[in-house]
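Structure record follows, encoded as structure tokens.
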Amino acid sequence: MLKGTAEALFQGKTGAYSVKVHYFDENDGAASASVTVGGEKQSFKFDKNLPADFASAKILTSRVE
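Numbering-wise (the numbering used here), the sequence shown opens with residue 10 and increments by one.
Now the structure itself:
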């Protein structure tokens with residue numbers, strides 16, 4: 010199993026923002042991700058039934074948290 014992390018410090022003005030996460034989904038549901046913003050954690054699986062089983066524009070998708 011591969012694991013990874015990414016981190017960033019937002020230095021913009023205080024306010025309400027939406028966070029949009031782009032990712033390549035897969036159809037076997039084996040991968041998952043979580044995003045923590047403002048102390049709130051959202052988790053999701055990569056389990057959409059999209060028309061390709063390799064990284065391509067056909068399976069590029071996104072979530073807004």
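Heads up, the beta-carbon is just placed ideally off N, CA and C, and yes, glycines get one too.
| Query | Result |
| --- | --- |
| Taking C-alpha atoms, which residue in G24, H31, F19 and S41 lies nearest to D56? | S41 |
| Please give the ranges of any beta strand (DSSP E) in the region 16-63, keeping only runs that are unbroken, at least 3 residues long and fully inside the region. | 29-33, 41-46 and 49-54 |
| Near S52, which residues of its chain fall below 6 Å by C-beta distance, leaving aside the five closest residues on each side in sequence? | S43 |
| Classify E16: buried if its beta carbon has 16 or more other beta carbons within 10 angstroms, exposed otherwise. | exposed |
| Have a look at T45, P60, I68 and K12 and flag the residue whose alpha-carbon is nearest the alpha-carbon of L18. | T45 |
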